[in-house]
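**Q** Shown below is the structure under consideration.
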Ligand code: ADP
Ligand code: MG
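In structure tokens form, the structure reads like this:
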């Protein structure tokens, strides 16, 4: 069931030549956790603020729970919003900070107490309830800000980069907390982040934005495994997908992708078919670092798709090693077994798992085949 809906939503700020959001269409179901992700300036906050009612919609329609909300004030839309720069009242304790919004709307004291107790319990703030913000850590303060939003019992929670002021370790912890909160509340969440890992770990579905235009709306695993275009392919995943220019050459009834003088991959019949019309042209081959390896077993299993390259950089990350090398002018990465003996300067035999190869149209940047 559609719960939040954006129909052909456009936003052009006064004085700007370009639209900040163009033809945004999205239906969100009740209880979903939707993440908006994209680089800085791509229109994430603008879209969220239009849903919240803090920013006017230039064109199009927004519905929440079957009601058009374009002309409703934020407080009448059934939303609660958590910002990156949340401000707690410094002179109030944790429980007073959480209760403040409820007091403001004249909620009976007994009900306030019940809701504050519940929020404090859900967010694990019991031992801090009498403390003031200056005596809390960043993560605890962020939880108080969440508490203020959840006691208001709204239909939709909107969050704009709520974790970006926290250090890396805390961000990972709070990510888990937010995920648990969503499980407990089963409320609809719309969450803005520029961090693809955060979007991938939190979202039940993710909206990838670039220059105010939706690139793909999908589950984390579909975004990862079947990106629609070059932008999504490059944005989702770390280290980034290798994206290598290749010349399409006919070889018998099949097609070969020539990435350099020494690196060529002949595609199986089905994939070859999709590339027939590209013979003589340049396409972009996409392959994730974990689908290129140097260990004997992997190389033997993919013996038809091997190549040699000189290792330029060796990065040990603990559970894995990233090897960097060049294919023609492109620096590529292979995420390999940490037991690899390959070191900078070595010429190494790699293999590609071409079942996991993507090919993109260089002009339109759209996928040709996965
Ligand atoms: P994001 O949250 O993805 O970083 P924003 O939604 O804040 O991006 O911004 C999208 C685009 O709209 C940017 O080009 C930004 O400069 C512009 N923009 C944002 N807010 C305003 C504003 N109040 N007035 C004019 N332009 C704005
Ligand atoms: Mg923003």
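Numbering (my numbering), first residue to last: 506 to 875. Note that the Cβ used here is the ideal one computed from N, Cα and C, for glycine as well. Computed from a predicted model, the values in this text were never measured in an experiment.
What span of residues does the beta strand (DSSP E) with residue 857 cover, start to end?
**A** First-last of the beta strand (DSSP E) with residue 857: 852-857.
**Q** Check whether the region 664-671 and the region 570-589 are in contact - that is, three or more C-beta pairs closer than 8 Å.
**A** Touching, yes.
**Q** Roughly how many angstroms separate the alpha carbons of residue 540 and residue 852, rounded to a whole number?
**A** Each residue's alpha carbon lies about 42 Å from the other.
**Q** Measure from the alpha carbon of residue 763 to the alpha carbon of each residue in 820, 833, 694 and 757, then state which is nearest.
**A** With distances taken between Cα atoms, residue 763 lies closest to 833.
**Q** Can you find the residues in the same chain that come closer than 7 Å, C-beta to C-beta, to residue 554, ignoring five residues on each side of it along the sequence?
**A** Taken in chain order, the residues that qualify are 560.
**Q** Are the region 571-584 and the region 724-731 in contact at 8 Å, needing three or more beta carbon pairs?
**A** Taking 8 Å as the limit for Cβ pairs, the verdict is that the region 724-731 does not touch the region 571-584.
**Q** Any chance the CB of residue 698 is under 7 Å from a heavy atom of ligand 1?
**A** No.
**Q** Do you know offhand how far residue 817's Cα is from residue 827's?
**A** Each residue's Cα considered, the two are about 11 Å apart.
**Q** Throw me the rounded Cβ distance for the residue 874 and residue 779 pair, which I believe falls under 8 Å.
**A** That pair is a contact at about 4 Å.
**Q** Quick one: is the Cβ of residue 666 within less than 7 Å of any heavy atom of ligand 2?
**A** Correct: residue 666 has its Cβ closer than 7 Å to ligand 2.
**Q** Could you check how far apart the C-beta atoms of residue 599 and residue 636 are, in whole angstroms? I think they sit under 8 Å.
**A** Right, the Cβ-Cβ distance comes to about 6 Å (below 8 Å), so this counts as a contact.
**Q** Assess contact between the region 746-755 and the region 712-721, defined as three or more Cβ pairs (one per stretch) separated by less than 8 Å. Is contact present?
**A** Output reads no: the region 712-721 does not touch the region 746-755.
**Q** Alpha carbon to alpha carbon, what distance is there between residue 655 and residue 624?
**A** Rounded to the nearest angstrom, the two C-alpha atoms are 7 Å apart.
**Q** Nearest by alpha-carbon distance to residue 557: which of 663, 820 and 677 is it?
**A** The option with the nearest alpha carbon to residue 557 is 663.
**Q** Out of curiosity, what's the CA-to-CA distance linking residue 649 and residue 630?
**A** Straight-line Cα distance between these residues: approximately 8 Å.
**Q** Determine, using beta carbons only, whether residue 517 and residue 552 come nearer to each other than 8 Å.
**A** Contact: no.
**Q** When we look at the beta-carbon of residue 796 and count the other beta-carbons within 10 Å, is it buried (16 or more) or exposed?
**A** Residue 796 should be labelled buried.
**Q** Are the region 531-551 and the region 693-707 touching, with three or more C-beta to C-beta distances below 8 Å?
**A** With the cut-off at 8 Å, the region 531-551 and the region 693-707 touch.
**Q** Would you mind stating whether residue 871 and residue 658 have Cβ atoms separated by less than 8 Å?
**A** No. Outside cutoff.
**Q** Under 7 Å: does the beta carbon of residue 510 sit that close to some heavy atom of ligand 1?
**A** Answer for residue 510: no, Cβ out of range of ligand 1.
**Q** Rank 735, 786, 772 and 612 by C-alpha distance to the C-alpha of residue 807 and give the top, closest one.
**A** Comparing Cα positions, the closest option is 772.
**Q** Of the residues 643, 632, 753 and 644, which one's Cα is nearest the Cα of residue 783?
**A** For residue 783, the nearest C-alpha among the options comes from 753.
**Q** Tell me the rounded alpha-carbon separation between residue 633 and residue 597.
**A** Roughly 12 Å between the two C-alpha positions.
**Q** Measuring alpha carbon to alpha carbon, tell me which residue in 842, 515, 679 and 537 is nearest residue 647.
**A** Cα-wise, what sits closest to residue 647 is 679.
**Q** Can you find the residues in the same chain that come closer than 8 Å, C-beta to C-beta, to residue 691, ignoring five residues on each side of it along the sequence?
**A** These residues qualify, in order along the chain: 536.
**Q** Can you tell me whether residue 794 is buried or exposed, with buried defined as 16 or more other CB within 10 angstroms of its CB?
**A** Buried, because 16 or more other Cβ atoms sit within 10 Å of the Cβ of residue 794.
**Q** DSSP has residue 762 in a bridge; who is on the other side?
**A** Residue 762 is bridged to 753 and 770.
**Q** How about residue 761 and residue 867: are their beta carbons less than 8 Å apart?
**A** No.
**Q** Is the beta carbon of residue 864 closer than 8 Å to that of residue 768?
**A** Against a cut-off of 8 Å, the Cβ pair of residue 864 and residue 768 comes out as no contact.
**Q** Can you tell me whether residue 550 sits near ligand 2, meaning its C-beta is under 7 Å from at least one heavy atom of the ligand?
**A** Yes, since a heavy atom of ligand 2 falls inside the 7 Å radius drawn around the Cβ of residue 550.
**Q** Given that a residue counts as buried once 16 or more other Cβ atoms are within 10 Å of its Cβ, and exposed if not, what is residue 594?
**A** Residue 594 is exposed by the Cβ-count criterion.
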